[in-house]
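J.:
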């Protein structure tokens, strides 16, 4: 095989590999509750519709009504990032969040249109999805 052709093939594999585009994930933290009437309005959009429409979208979900550990996680996020503890709550990053069904339903699509990369917000700071 021609060395020049092999070099081009190797370069194209590197450029078009998943690692080359891995930094384009948009990660959001979502607190919800089974039985919450407001969450029942946002869950279909956040958990079912958008992840299928946007292949780079990652939703980290915490259900706080039936999982005894998740309310503690919500409280820890609230204390660390100075945010409210209601649901539904969608956390974008250290300084931006959306609380409530109407704000989420009205703003999320336009917010996602303007986000091309958003690391996952953890209690230890923002971490790219690939490093979780």
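Residue numbers (my numbering): 4 to 135. In this text, a Cβ means the ideal position worked out from N, Cα and C, and glycines have one as well. Since we're looking at a predicted model, the values are computed, not measured.
Quick check: what's the CA-CA separation for residue 114 versus residue 98?
T.: Between residue 114 and residue 98, the C-alpha separation is close to 14 Å.
J.: Please classify residue 37 as buried or exposed, where buried requires at least 16 neighbouring CB atoms within 10 angstroms.
T.: It is exposed - the Cβ of residue 37 has fewer than 16 other Cβ atoms within 10 Å.
J.: Taking DSSP as the reference, what is the three-state secondary structure of residue 29?
T.: Strand.
J.: Going by other Cβ atoms of all chains shown within 10 Å of its Cβ, with 16 needed for buried, is residue 132 buried or exposed?
T.: With 16 or more other Cβ atoms within 10 Å, it is buried.
J.: Could you tell me the distance, in whole angstroms, from the CA atom of residue 24 to the CA atom of residue 120?
T.: Confidence in residue 24 is poor, its pLDDT being 44 and thus under 50, which makes the residue's placement unreliable; the coordinate value appears in the next sentence. Cα to Cα, residue 24 sits roughly 11 Å from residue 120.
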